[in-house]
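Report on the following structure.
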Amino acid sequence: MSALEIDNVCKEFGTTRVLEEVSLAIDSGEFLILVGPSGCGKSTLMNAIAGLEPVTSGRILVGGDDITWRTPAERDIAMVFQSYALYPSMTVRGNIAFGLEMRKVPKAEREAAVERVADLLQISHLLDRKPAQLSGGQRQRVAMGRALAREPQIYLFDEPLSNLDAKLRVEMRTEIKKLHQRLGTTIVYVTHDQIEAMTLADSIAVMRDGRILQLGSPDEVYNNPADMFVAGFMGSPSMNFIEARLDGESGAYRLHIATDGEAELTLPWPASRETPALAEYVGRTLTLGLRPEHFAEEDARLGDRAEGTPLSARVSVVEPTGADILLRLPLGDTEITARVGPDCRVAPGERLGLRVDMRRAVLFEAETEARLA
Amino acid sequence: MDNVIRARTPAARAWRLALHLVLILAALWYLLPLAVMVLTSIKPLDEIGAGSLLALPDNPTLAPWLKAWGSACTGMRCDGVSGYFWNSFAIVIPAVAIATLIGALNGYALTKWRFKGAELVFAMMLFGCFIPFQVILLPMAQTLGWLGLSSSRVGLIFVHVVFGIAFTTLFFRNFYVSIPDELVSAAKLDGAGFFRIFWRILLPVSKPIIVVSVIWQFTQIWNDFLFGVAFSGHDTQPVTVALNNLVNTSTGVKEYNVDMAAAMIAALPTLVVYVLAGKYFVRGLTAGSVKG
Chain A
606 MSALEIDNVC KEFGTTRVLE EVSLAIDSGE FLILVGPSGC GKSTLMNAIA
656 GLEPVTSGRI LVGGDDITWR TPAERDIAMV FQSYALYPSM TVRGNIAFGL
706 EMRKVPKAER EAAVERVADL LQISHLLDRK PAQLSGGQRQ RVAMGRALAR
756 EPQIYLFDEP LSNLDAKLRV EMRTEIKKLH QRLGTTIVYV THDQIEAMTL
806 ADSIAVMRDG RILQLGSPDE VYNNPADMFV AGFMGSPSMN FIEARLDGES
856 GAYRLHIATD GEAELTLPWP ASRETPALAE YVGRTLTLGL RPEHFAEEDA
906 RLGDRAEGTP LSARVSVVEP TGADILLRLP LGDTEITARV GPDCRVAPGE
956 RLGLRVDMRR AVLFEAETEA RLA
Chain B
3 MDNVIRARTP AARAWRLALH LVLILAALWY LLPLAVMVLT SIKPLDEIGA
53 GSLLALPDNP TLAPWLKAWG SACTGMRCDG VSGYFWNSFA IVIPAVAIAT
103 LIGALNGYAL TKWRFKGAEL VFAMMLFGCF IPFQVILLPM AQTLGWLGLS
153 SSRVGLIFVH VVFGIAFTTL FFRNFYVSIP DELVSAAKLD GAGFFRIFWR
203 ILLPVSKPII VVSVIWQFTQ IWNDFLFGVA FSGHDTQPVT VALNNLVNTS
253 TGVKEYNVDM AAAMIAALPT LVVYVLAGKY FVRGLTAGSV KG
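First to last, the protein sequences are chains A and B.
The working numbering puts the first residue of the first sequence at 606, with every later residue one more than the last.
The working numbering puts the first residue of the second sequence at 3, with every later residue one more than the last.
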């Protein structure tokens, strides 16, 4: 039995469809992340689970019970909001205990729960303060404490970290992950930050225009994207898409890339990554997807023993990030990003030899953006 | 304190001096009627006839105030405005409290529990702010008659509440729009219902707008004459009506000092309310326009 099951849920506002036949199921203790660009329906789906907005059709089940038409109060669900939504007139203690008070939990138990949660989140010294007296990070902790105190069946997080500064965001991300590992809670988490999605999730649902495009583990979504949108959305810097012409035959497919002012580049498609669909596309232009880290600087010491297909290009921009260097260089009719080691000493305008790891490349149909291989 | 950099040339200084002079004169001009009232109210009657309006009293006396309060004639009765003064409170306090509470509930429902047509309902309530008092005199008299509330204190309170709701709803609706919906969502998930959320979450943060609503309603209802004279019974007339009767009672000599004292007694409560809560009034009117 799933902890949470969304069954064919549709949501319409007037004539616009915000959710189209969304279905998914997660197990108890699973960390699900809904990710997608703004307006993709992820927050609407979250609100539907919370009971803040009715769905047009479909069912929502928690622990096997159909809760589609239950009020938020009747659902055993807690939510952490982007704005934290702490009750301004109550102390931190009052905020954390409010949900228990509404559920008529006896005072002694409420106090015990507040103590437990405050210990867990290290906010014991803040219990008598008002939200206005807290910093952003502290408010975030209180908001989580309010959810944790009730020990609901499901936790919902609606972009909880997006109001924090960069450093704090990374800290809280780790903290949320630790909490999840420790408490084994079932979490549905909405974000538009794909790094948060990759680092936190057991499974990721990538959404667009009210549909789930792909539901899978972070590894699957990253390395085996269902289509060009998922491939481009996950990863930073994002995947390079290059127009390439396919020719050859099964076992020896090749991709040809024409770059202005350069010799045509030919990349062999690894036989192990072949799909039957490719046969239909011989002679046609496809979209080749290569992530920045699929490129590496040519290592002269390795000579012919180096892996991958060699190519060379004139570097237009060099962006050191500290841990590594991002290079912009022309390939095909676009400019691509390559990620190389921090020791690379190339200057803008110079030519650089690179190797491409074609075993991790992906191929898409150019028009429908569907995955081919 | 002064955080503006100003030109320091002699011409600029002279210009500024002239400007201040004009402003001070204008302020004095506006204060003049009040000064005349205060001075007149503490002069014996013979000094009023003899001296100029602005002359200081030779023998200041509180007798006109005491007479206005306790023994001046308002029509047939001669026991001052004191009884009517308390009448006004008995009308104003419940009317203000009820209109404010209903306005707060309306504003809360219109913003946080949006229903189909909520905007239309609000627009129609806004319309109520622009209806002139005179227009509803006859239909309201008819309605009060049907309700059996003619010439009663309850009837007058009812009229003021009905008229006040349009304004209080406007105040609270615009205030609650600036309060994030997520606060209400969080409380719903925590298990609180409509009234619990109102009482525990919204009302505690509504102080500034409650003050605005109370001052506005208090001033409006206290100063009302038309409804007071049209809908109150003989014993429940508000102080504004009594003041009118007092000033218009024409037996013997016109007692200007008593008239002035009575007028000031009638105006005092609204002044006191504004002085006590005035800073919250401004704060409440601007609340929400700047993010706290």
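Glycine included, C-beta positions come from ideal geometry on N, C-alpha and C.
Contact between the stretch 858-866 of chain A and the stretch 934-941 of chain A is present: three or more C-beta pairs spanning the two stretches fall below 8 angstroms.
With a threshold of 9 angstroms between beta carbons, A:N652 makes contact with chain B.
Following the DSSP letters along the chain, one finds A:P935 in no alpha helix (DSSP H) but inside the beta strand (DSSP E) bounded by residues 930-936. For A:Y858, the pairing in a beta bridge is given by DSSP as A:G853.
Within the stretch 188-270 of chain B, the complete alpha helix (DSSP H) segments of 4 residues or longer fall at 196-199, 209-225, 228-233, 241-250, listed in chain order.
Secondary structure at A:Q758: coil, using DSSP grouped into helix, strand and coil.
Pairing B:Q219 with B:A97 gives a Cβ-Cβ distance under 9 angstroms. Between A:H730 and A:E635, the alpha-carbon positions lie close to 31 angstroms from each other. A:K616 is bridged by DSSP to A:L624. If you draw a 10 Å sphere on the C-beta of A:C645, you find 16 or more other C-beta atoms in it, and that means buried. Closer than 8 angstroms at the C-beta level to chain A, one finds these residues of the stretch 172-196 of chain B: P182, E184, L185, S187, A188, A189, K190, L191, D192, G193, A194, G195. In the structure shown, A:R721 adopts helical secondary structure according to DSSP, grouped into three states.
The C-beta of A:Y692 comes closer than 9 angstroms to at least one C-beta of chain B.
When DSSP states are grouped into helix, strand and coil, A:D962 belongs to the coil group. About 36 angstroms separates the beta carbons of A:E764 and A:L891, which is beyond the 8 angstroms limit, so they are not a contact pair. Interface with chain B (9 angstroms Cβ-Cβ cutoff): A:I728 is excluded.
Nearest CB-CB separation between A:M844 and chain B: not below the 9 angstroms threshold. Annotated as proximal: A:R698 and A:L732, with beta-carbon spacing under 9 angstroms. A Cβ of chain B is located within less than 9 angstroms of the beta carbon of A:R751. Using a Cβ-Cβ cut-off of 7 angstroms, B:I212 is close to nothing in chain A; its nearest Cβ partner there is about 13 angstroms away.
Put simply, the CB of A:G656 is near chain B, with a gap under 9 angstroms to one of its CB atoms. Bridge partners of A:D670 according to DSSP: A:V667.
Every unbroken stretch of the alpha helix (DSSP H) spanning 4 or more residues and falling wholly within the stretch 80-116 of chain B is given here in chain order: 84-114. Of A:Y827, A:E885, A:R734, A:L957, the smallest CA-CA separation from A:G853 is found for A:E885. Note on geometry: alpha-carbon atoms of B:G130 and B:G166 lie some 9 angstroms from one another.
Rounded to the nearest whole angstrom, the C-alpha separation of B:W201 and A:L650 is 30 angstroms.
Judged by beta-carbon spacing, A:L977 lies beyond the 9 angstroms limit of A:T914, meaning their Cβ atoms are not closer than that value. Closest in alpha carbon position to A:F686, among A:V951, A:T796, A:A723, is A:T796.
Per DSSP, the continuous alpha helix (DSSP H) segment holding B:F173 begins and ends at 155-179.
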